[in-house]
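One structure below.
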Amino acid sequence: MKQLYDNVYEFTHPLIQHKITMLRDKNTGTNEFRSLVDELGMLMGYEALSDLQTEDVEVETPIEKCMSPVIAGRKLAVVPILRAGLGLVSGILALVPTAKVGHIGMYRDEETHEPHEYYCKLPSPIEERVILVTDPMLATGGSAVDAIDLIKARGGKKIKFICIIGAPEGVKKLHEAHPDVEVYIGHLDRQLNENAYICPGLGDAGDRIFGTK
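So the sequence shown is numbered by our numbering: it starts at 85 and just counts up by one.
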């Protein structure tokens with residue numbers, strides 16, 4: 085993993101980079117694209133959750149009793165930013181099936197490119213959970229910043245953010261707005277274009293996951 089800022093990390097794992105390359109290909113169809121995003125959710129989630137706290141409990145094996153670690157405290161909360169963030173959820177749930185799932189709905193104004201909230205539902209008690217916010221693309225950073233603002237306003241404290249592709253502009257904005265949030269990026273791309281799309285990027289992640297235009 086490469087550290088970009090104090091709280092921002094870019095994955096360097098060959099499997100993650102290979103799957104991102106496949107996502108970029110415009111000829112990758114909906115079914116394969118969706119499967120790749122699911123696999124990336126699992127791979128990136130595995131890395132991002134490496135610091136989960138554990139506690140020892142007694143378990144009886146077929147041979148004898150022993151003390152063995154389990155995840156401590158309240159379980160994980162996965163909070164996708166709708167709708168594209170949903171694509172990463174099932175891969176993370178495969179790792180932590182007991183995780184609760186919240187949802188934050190955001191849409192982007194086509195002219196100003198500013199995000200607008202239309203829905204927010206979080207697991208309770210949110211303040212006691214490790215919260216993993218997911219969105220495949222970190223472009224301007226507006227949606228990510230606003231989503232984390234909403235979570236903090238409702239009591240969330242231990243927050244991580246995962247995306248597949250990030251633009252330097254969005255990474256900088258999220259880092260400056262929330263320096264306490266750990267940010268994990270599959271690949272840092274070159275820049276945003278005049279329409280606030282990431283270049284080279286992979287197109288509209290939501291449309292490619294759900295087969296819409």
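Where a beta carbon is used, it is the ideal one built from N, C-alpha and C, also for glycine.
If you compare alpha carbons, which of the options is closest to residue i?
i: E211; options: N111, A237 and C204; result: A237
i: D230; options: G240, H200, H271 and I248; result: H200
i: A251; options: E198, I235, A289 and L272; result: L272
i: R158; options: I232, L99, G169 and Q137; result: Q137
i: H102; options: G270, V141 and K297; result: G270
i: T196; options: V121, G240, G226 and D291; result: G226
i: I232; options: P263, E139 and I100; result: P263
i: K257; options: D193, G240 and L222; result: L222
i: K184; options: H97, E198 and V214; result: V214
i: E266; options: T218, E123, E198 and E194; result: T218
Tell me which residue opens and which closes the alpha helix (DSSP H) that residue i is part of.
i: R118; result: T114 to A132
i: Q101; result: P98 to R108
i: K297; result: From DSSP, K297 is part of no alpha helix (DSSP H); its letter is neither H nor E.
i: L179; result: V173 to L179
Taking the beta strand (DSSP E) that residue i belongs to, which residues open and close that run?
i: P199; result: P199 to K205
i: I243; result: K242 to G250
i: K149; result: K149 to I155
i: A161; result: A161 to L166
i: L234; result: Per DSSP, L234 belongs to no beta strand (DSSP E); it is in the alpha helix (DSSP H), G226 to A237.
i: V217; result: V214 to T218
i: L170; result: Per DSSP, L170 belongs to no beta strand (DSSP E) and is neither H nor E.
Evaluate residue i with the Cβ neighbour count: other Cβ atoms within 10 Å of its Cβ, from every protein chain shown; 16 or more gives buried, anything less gives exposed.
i: A156; result: exposed
i: Y203; result: exposed
i: V143; result: exposed
i: D109; result: exposed
i: C283; result: exposed
i: K297; result: exposed
i: L172; result: buried
i: V141; result: exposed
To the nearest angstrom, report how far apart residue i and residue j are at their CA atoms.
i: D90; j: H259; result: 9 Å
i: P209; j: N111; result: 43 Å
i: A261; j: S174; result: 28 Å
i: L276; j: P220; result: 15 Å
i: M190; j: M128; result: 23 Å
i: Y268; j: K86; result: 10 Å
i: G287; j: Y281; result: 8 Å
i: A161; j: G186; result: 7 Å
i: E94; j: V255; result: 11 Å
i: K205; j: V163; result: 9 Å
i: R118; j: I188; result: 20 Å
i: V154; j: V180; result: 11 Å
i: L88; j: L107; result: 23 Å
i: E131; j: V92; result: 13 Å
i: I100; j: I176; result: 15 Å
Does DSSP put residue i in a helix, a strand or coil?
i: H271; result: strand
i: V94; result: For the sequence presented, residue 94 should be read as Glu rather than Val. Looking at E94 - three-state DSSP - the assignment turns out to be strand.
i: G186; result: coil
i: L286; result: coil
i: E195; result: coil
i: D140; result: strand
i: E260; result: helix
i: E278; result: coil
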